[in-house]
Each structure stands twice: as C-alpha cells, then as structure tokens.
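First residue of the sequence shown: 1, per the UniProt record's numbering; consecutive thereafter.
Quick notes on the structure that follows.
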Amino acid sequence: MQSSSNLFPVALISAERRGDLSEDVYRLKPGNSPDGSVELAVTRLGLADVPENRGIPVILLHGSFSNRRFWYSPKGIGLGAYLARRGFDVWIAEMRGHGLSKRNQAYARNRVADYARYDLPAIGAFVREQSAQIPHWIGHSLGGTTLAAALGGQYLGAPAVASVALFGCQVSRTYWPLKIPPVEWGGRFILKRMAEVSGARFKRGPEDEPVGVLIENMRWHGLFGRFGDAERDWWKGLADVDVPLLAVSAAGDHQDPDWACRKLFEQVGTEHRQYVCLGRKHGFTEDFGHVEMLVSKAAQAEVWPLVEQWLKDPITPLLGAPAQALAAV
Numbered sequence: 001m002q003s004s005s006n007l008f009p010v011a012l013i014s015a016e017r018r019g020d021l022s023e024d025v026y027r028l029k030p031g032n033s034p035d036g037s038v039e040l041a042v043t044r045l046g047l048a049d050v051p052e053n054r055g056i057p058v059i060l061l062h063g064s065f066s067n068r069r070f071w072y073s074p075k076g077i078g079l080g081a082y083l084a085r086r087g088f089d090v091w092i093a094e095m096r097g098h099g100l101s102k103r104n105q106a107y108a109r110n111r112v113a114d115y116a117r118y119d120l121p122a123i124g125a126f127v128r129e130q131s132a133q134i135p136h137w138i139g140h141s142l143g144g145t146t147l148a149a150a151l152g153g154q155y156l157g158a159p160a161v162a163s164v165a166l167f168g169c170q171v172s173r174t175y176w177p178l179k180i181p182p183v184e185w186g187g188r189f190i191l192k193r194m195a196e197v198s199g200a201r202f203k204r205g206p207e208d209e210p211v212g213v214l215i216e217n218m219r220w221h222g223l224f225g226r227f228g229d230a231e232r233d234w235w236k237g238l239a240d241v242d243v244p245l246l247a248v249s250a251a252g253d254h255q256d257p258d259w260a261c262r263k264l265f266e267q268v269g270t271e272h273r274q275y276v277c278l279g280r281k282h283g284f285t286e287d288f289g290h291v292e293m294l295v296s297k298a299a300q301a302e303v304w305p306l307v308e309q310w311l312k313d314p315i316t317p318l319l320g321a322p323a324q325a326l327a328a329v
C-alpha cells in the first residue's frame with residue numbers, strides 16, 4: 001500500500017462520513033524512537049461537504065486514561081467536532097496504546113519523555129505536510145503535560161508551532177509521601193511488577209495507562225525530582241519558550257488545582273501568554289471541574305467559543321481584558 005506521507009510510512013485505515021463531518025483515520029509509523037514497533041493513530045475531522053476547504057490546523061491531545069473520544073464522541077459532540085464545524089482542520093492524536101494506536105512492544109515502559117521527544121514531533125511534521133500550514137496544539141491534563149515537556153525539551157517550538165493551549169495542566173502539586181525515599185522506592189517496586197494500570201478498574205477513564213508513565217511521574221515528585229528526563233531539565237527549558245501560550249485552569253479542579261496550573265504558566269517565558277481560571281469568581285456560571293472544563297454543557301457555551309477565539313487570534317487578549325491582567329487574576 002502506498003504511504004500517505006513522504007516523511008515515513010502512513011496508512012489511511014478508514015475514511016468515513018459521520019453526519020455532517022468527515023472522519024479520516026491515519027496510522028503513522030515514524031520509526032524515530034528506540035522502539036520501532038510504535039504506531040500512532042491520528043484522526044482528521046472536517047466538514048464532509050467541503051473536503052477541500054481546510055482551515056487552520058489544530059492538534060488535540062487527550063489526557064491520561066483517555067482517547068480521541070474525549071474530543072469527539074460517537075454522536076459527534078465535543079470540542080473537536082465543534083472546531084471542525086467552525087471550519088478548522090482538526091487532528092486528534094492518540095498516544096501509544098490508547099484508542100486506535102496499537103500497543104507497542106515496550107508498552108509498559110512508555111513515558112511522557114517518549115511522547116514528547118519522538119511522537120509529538122512526528123505528529124506535528126505529518127500535520128504540517130498534509131495541511132501545508134503551521135498547526136496549533138491543545139492538550140488536556142497529561143496531554144498538556146506532554147506538550148509542556150516537548151516545549152521545555154525543545155522538541156517542539158517556533159516556527160513549527162503556531163500556539164499552545166494547556167487545559168488542567170500542572171507539575172507542581174506536592175505529594176508528600178513521595179518525598180520519603182522508602183515510600184517512593186516501594187511504589188516503584190510494586191508498579192514494576194505490572195504492565196499497566198486499569199482506568200476502568202480504578203474509575204479513572206476508558207483506557208489503561210502504562211506503568212512507565214506512573215513511575216516517571218513518581219520520579220518527578222520524589223525527594224530530588226524535577227520535571228525532565230536524564231538529559232534535559234524541561235522546567236528550566238520552559239523559560240526559553242517563544243510561542244503564544246494559553247493556560248486554562250478550573251476553580252473546581254482538585255486534581256490539577258488552579259495554583260499549580262498558574263505556576264506552570266508563570267514559568268513559560270513567551271511574551272504572548274494568557275491565563276484563564278474557569279470559575280464563578282472570574283465571571284463564569286460555575287466552578288468547572290477537571291473534565292467538565294472541556295466536556296459539559298457549560299463548556300460548550302462558555303469555553304469552546306473562547307478556544308475558537310484563541311485559535312483565530314492568539315495575540316489579542318480574551319475576555320476583553322489585557323493579557324497581563326488575565327495572568328494576574
């Protein structure tokens with residue numbers, strides 16, 4: 001089968017019409033990481049009746065224990081579907097072993113470091129090739145963390161990135177037991193005996209997560225941990241980021257609280273940055289939660305239009321307030 005890309009092997013595995021939307025699913029095999037078995041599924045959404053009229057490209061990254069359905073439900077509801085109907089060229093990536101992405105041979109050892117260093121650059125290059133434009137990126141939770149790692153590690157950045165939006169994303173929340181070395185060592189020992197953690201069993205979501213991601217997270221929050229890998233300090237690298245940034249927290253989010261999301265936002269050195277907290281105190285109708293900030297009736301009415309506004313113009317302040325005022329709220 002002829003590849004759909006000149007970059008690396010890519011197969012179009014399905015092309016369907018879903019109501020008013022077109023849904024094309026590609027399977028990428030970049031071959032750029034130590035595990036050559038990695039294959040990544042990327043779904044492209046657009047308007048079915050205007051397939052050649054592609055707008056601004058935007059890449060959506062799901063969080064932990066999740067998949068593409070966070071952005072696009074079988075009934076055609078979600079931020080991804082909303083943006084496609086508004087004329088954007090929407091690309092929804094699924095991380096290794098999630099959704100339509102097959103489990104790679106070293107699945108249990110998958111880490112954010114692998115996603116950031118190998119997978120996101122390959123996805124970005126493919127989208128740029130297909131759309132002939134520079135894409136915007138949106139990440140929720142672990143998807144946002146992966147974006148932050150890619151930016152801080154200088155695996156992604158200008159001029160290949162138009163803007164980045166991080167929803168419910170932080171790396172500063174302290175888990176005090178992990179500061180006690182025997183507790184951290186014991187946790188690692190238990191996790192290393194497993195291949196994955198079940199999202200369904202622990203009621204975290206529809207997907208499993210490889211233990212490598214959890215062990216990596218424990219290391220970040222250990223006694224001498226830092227946001228980075230053995231080669232690079234991603235936290236320090238964020239100070240050199242030079243792409244427009246939107247960071248969004250939710251007042252009712254207890255998993256990734258507002259103060260921690262704000263701390264990550266403040267570390268990013270770009271000149272053009274904005275911060276929004278979704279809560280009653282800041283003019284919204286409710287204190288949004290971790291998932292509800294993007295998946296809820298209220299999000300459809302209040303958050304999705306803000307995302308559209310941001311993507312069309314990442315420089316002009318949202319909500320009619322100066323960017324620095326938003327950052328200081």
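Backbone N, C-alpha and C define an ideal beta-carbon position, used for all residues, glycine too.
Here the structure is a predicted model, which is why all the values come from computation and not from measurement.
Tell me the rounded alpha-carbon separation between residue 92 and residue 253. Cα to Cα, residue 92 sits roughly 24 Å from residue 253.
Less than 9 Å between the C-beta atoms of residue 260 and residue 173, yes or no? Yes, these two residues count as a Cβ contact at 9 Å.
State the beta-bridge partners of residue 220 as determined by DSSP. Residue pairing by DSSP places residue 220 opposite no residue, since no beta bridge is assigned to it.
Whole angstroms are fine: how far does the CA of residue 319 sit from the CA of residue 95? If I take the Cα positions, the gap works out to 33 Å.
To the nearest angstrom, how far is the alpha carbon of residue 10 from that of residue 26? Looking at the two C-alpha atoms, the distance is approximately 7 Å.
For a test of the three-state rule: what should DSSP assign to residue 307, helix, strand or coil? In this structure, DSSP gives residue 307 a helical state, which the three-state scheme calls helix.
Taking residue 12 and residue 24 to be in contact with their CB atoms under 8 Å, please state how far apart those CB atoms are, rounded to whole angstroms. By a beta-carbon distance limit of 8 Å, residue 12 contacts residue 24. Their separation comes to about 6 Å.
For the pair the segment 157-164 and the segment 234-243, tell me if three or more CB-CB distances fall below 8 Å. Short answer: they touch.
Just tell me which of 307, 267, 272 and 28 has its CA closest to the CA of residue 127. Nearest option by C-alpha distance: 28.
Own chain residues within Cβ distance below 7 Å of residue 117, not counting five before or after: Excluding positions up to five away in sequence, the list reads 153 and 155.
Where residue 15 and residue 112 are concerned, what is the direct C-alpha to C-alpha distance, given to the nearest angstrom? Approximately 30 Å between the Cα atoms of the pair.
Which one of 105, 268, 30 and 73 has the shortest CA to CA distance from residue 157? It is 268.
Below 8 Å, can you find three or more Cβ-Cβ pairs linking the segment 268-285 to the segment 218-231? Contact between the segment 268-285 and the segment 218-231 is absent, because fewer than three Cβ pairs lie under 8 Å.
To which residues of the same chain is residue 102 closer than 6 Å at the C-beta, ignoring the five residues directly before and after it? The residues are 39.
Sequence-distant residues of its chain with Cβ nearer than 6 Å to residue 71 (five each side left out): Taken in chain order, the residues that qualify are 60, 78, 79, 80 and 92.
Return the Cβ separation of residue 299 and residue 285 in integer angstroms, given the expectation that the two are a contact with Cβ distance under 8 Å. About 11 Å separates the beta carbon of residue 299 from that of residue 285, a gap too long to meet the 8 Å contact definition.
Would you report the Cα separation of residue 278 and residue 248, rounded to the nearest angstrom? For the pair residue 278 and residue 248, the Cα-to-Cα distance works out to about 7 Å.
Considering Cα atoms alone, identify which of 199, 195 and 200 is closest to residue 212. It is 195 whose Cα lies nearest to the Cα of residue 212.
Applying the criterion that 16 or more other CB atoms from any shown protein chain within 10 Å of the CB defines a buried residue, is residue 138 buried or exposed? By the C-beta density criterion, residue 138 is buried, having at least 16 other C-beta atoms within 10 angstroms.
C-beta atoms of residue 65 and residue 206 nearer than 9 Å: It is a contact, given that the beta carbons lie within the stated cut-off.
Proximal residues to residue 302 (C-beta, below 7 Å), its chain only, five neighbours per side dropped: Here residue 302 has 284 and 285 as same chain residues with Cβ atoms under 7 Å from its own Cβ, once five neighbours each way along the sequence are excluded.
Measure the beta-carbon distance from residue 140 to residue 58 and round it to whole angstroms, keeping in mind my assumption that it falls under 8 Å. With 8 Å as the limit, residue 140 and residue 58 do not qualify as a contact, their Cβ atoms being about 13 Å apart.
Just to confirm the assignment: which complete alpha helix (DSSP H) runs, minimum length 4, are found wholly within the segment 192-249? Fully enclosed alpha helix (DSSP H) runs of no fewer than 4 residues occupy 211-220 and 234-237 of the segment 192-249, in order along the chain.
CB of residue 90 within 9 Å of CB of residue 45, strictly: Inclusion of residue 90 and residue 45 in the CB contact set at 9 Å is warranted, their separation being smaller than that value.
Pick from 168, 295, 166 and 114: whose alpha carbon is nearest that of residue 210? Closest option to residue 210, Cα to Cα, is 114.
C-alpha distance - residue 7 paired with residue 30, whole-angstrom precision: Distance between the alpha carbons of residue 7 and residue 30 is about 8 Å.
Residue 18 versus residue 234: straight-line alpha-carbon distance, rounded: So the alpha carbons of these two residues sit roughly 40 Å apart.
Length of the line joining the Cα atoms of residue 281 and residue 5: Here the alpha carbons of residue 5 and residue 281 stand approximately 48 Å from one another.
Neighbour-count burial assignment, residue 97, 16 or more Cβ in a 10 Å radius: The residue is buried, with at least 16 neighbouring Cβ atoms inside 10 Å.
Just curious, the beta strand (DSSP E) that residue 16 is in, first and last residue? It spans 10-18 - the beta strand (DSSP E) in which residue 16 sits, taken as one unbroken run.
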